[in-house]
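Engineer: Going left to right, the sequence shown walks through residues 0 to 158 as numbering that gives the first Met the number 0 numbers them. Ideal Cβ positions, reconstructed from N, Cα and C, are used throughout, including at glycine.
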Amino acid sequence: MQKTNNFAQRALISGTVAGVATALAASMAGKRQSGSYAAPLNATSHIVWGDQAALQNAATMKYTATGFLLNHAATTMWAAVYEKWFAGTNSGVRWPKPVAKPLMGAALVAAGAYITDYHLIPRRFTPGFEKRVSGKALAIIFGALALGLAARGLASDTA
0 MQKTNNFAQR ALISGTVAGV ATALAASMAG KRQSGSYAAP LNATSHIVWG DQAALQNAAT
60 MKYTATGFLL NHAATTMWAA VYEKWFAGTN SGVRWPKPVA KPLMGAALVA AGAYITDYHL
120 IPRRFTPGFE KRVSGKALAI IFGALALGLA ARGLASDTA
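1. Just checking, does the region 34-51 make contact with the region 101-119 on the three C-beta pairs under 8 Å criterion?
2. Do I46 and L69 have their CB atoms nearer than 7 Å?
3. Buried or exposed: which applies to A42, given that a residue is buried once 16 or more other Cβ atoms fall within 10 Å of its Cβ?
4. Apply the 10 Å Cβ neighbour rule to F141 and answer buried if 16 or more other Cβ atoms are within range, or exposed otherwise.
5. Just to check my reading of the structure: A143 and T21 have Cβ atoms closer than 8 Å, yes? What is that Cβ distance to the nearest angstrom?
6. Return the Cβ separation of P101 and A86 in integer angstroms, given the expectation that the two are a contact with Cβ distance under 8 Å.
7. Which residue's Cα is closest to the Cα of G29: W48, A57, G152?
8. My output table needs one value for Y36: the three-state DSSP class, helix, strand or coil.
9. Flag this pair as touching only if the region 6-19 and the region 48-62 have three or more C-beta atom pairs under 8 Å; answer yes or no.
10. What residue range does the alpha helix (DSSP H) around V80 cover?
11. Hey, would you say A112 sits closer than 7 Å to W77, going by beta carbons?
12. Please report how far the alpha carbon of L107 lies from the alpha carbon of R131, in whole angstroms.
13. Along the alpha helix (DSSP H) that carries Y113, what are the first and last residues, could you check?
14. From what residue to what residue does the alpha helix (DSSP H) around H45 run?
15. Taking the beta carbon of L54 as the centre, do at least 16 other beta carbons fall within 10 Å, making it buried, or is it exposed?
Have a look at this one:
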């Protein structure tokens with residue numbers, strides 16, 4: 000991956016990778032737990048379409064595309080936080096290994112995302128995944144968020 004010093008570009012790349020990673024993790028969990036790849040993304044669109052979105056199993060532009068775009072927007076916002084605090088220039092902190100800073104930073108941001116999404120914001124604005132997948136699957140989805148956030152930095156550091 001090419002290195003870039005442009006903050007917005009880094010956040011968009013990290014957010015896109017994280018968005019795809021979380022969407023894939025949610026879709027796989029949805030297929031296993033509710034028989035539908037689209038169900039967790041449809042549930043995310045409850046922010047726009049209300050609770051009936053979480054009842055939808057079929058992939059549709061209305062529910063699935065909306066859910067995917069909302070998820071992408073959220074992961075890009077979290078990527079901006081990650082890029083600002085953990086993926087920019089080395090702040091003088093000495094990390095034990097080159098991968099420790101991005102991975103630990105991504106884990107902290109993902110934990111912050113979980114706390115924000117499920118304990119601080121109104122229920123209407125939660126990701127919605129919880130409506131269709133288990134708590135264990137949520138942990139995997141937020142793990143995918145962390146790995147997705149760190150991926151750009153790790154790939155550009157090894158390039």
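Structural biologist: According to the data block:
1. no
2. yes
3. With 16 or more neighbouring CB atoms inside 10 Å of its own CB, A42 falls in the buried class.
4. buried
5. 5 Å
6. 6 Å
7. Per the Cα distances, A57.
8. coil
9. no
10. Looking at the DSSP string, the run of the alpha helix (DSSP H) that includes V80 is 65-84.
11. yes
12. 25 Å
13. 99-114
14. 45-48
15. exposed
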